[in-house]
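Data block below; observations after.
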Amino acid sequence: MALPDYYAILEIESTATLADIKQAYRRLARIYHPDLNRQVGDRRIKQINEAYAVLSDVTRRTIYDIQRLEAMKRDIVLDFIIKQRQQARHTQRMTWKEGAIGFVRELKNNMH
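Going by this note's numbering, the residue at position 36 of the sequence shown is 460; the numbering climbs one at a time, nothing skipped.
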């Protein structure tokens, strides 16, 4: 399951202070609250509330940041592995016949 980006939901930086988080939450709650804006679905305000609940609590925010960094690290490692496998597929492999011919050629060169 993908980890939601609470910072993007609240439209703030990951270095935001508690005051910045509270200000962003209030601004977005006024915009997306179902009683004030009937066109917006209930799902958006639930995302905003969940993001605020996690980021406004220091312990939960720390746990979330650690999980987020672990997910980023995992994505980087997986991307590296995929690129390595793609490069390995594109390298030309020598056939048995080409290897034997090259071996004989090197053997002859070393005899002279």
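Quick reminder that beta carbons are idealized off the backbone N, C-alpha and C, glycines included. Predicted, not measured: the structure shown is a model, and the values here were computed from it.
Within a 10 Å sphere around the beta-carbon of Leu434 sit 16 or more other beta-carbons, which makes this residue buried. Residue environment for Val464: exposed (fewer than 16 other C-beta atoms within 10 angstroms of its C-beta).
By the criterion of at least three beta-carbon pairs nearer than 8 Å, the segment 428-444 is in contact with the segment 464-479. Note on Ala495: under 16 other CB atoms within 10 angstroms of its CB, so exposed under the neighbour-count rule. Exposed is the label assigned to Ala524, since fewer than 16 other Cβ atoms lie within 10 Å of its Cβ. Under the DSSP assignment, Leu531 falls in the alpha helix (DSSP H) whose first and last residues are Trp520 to Met535.
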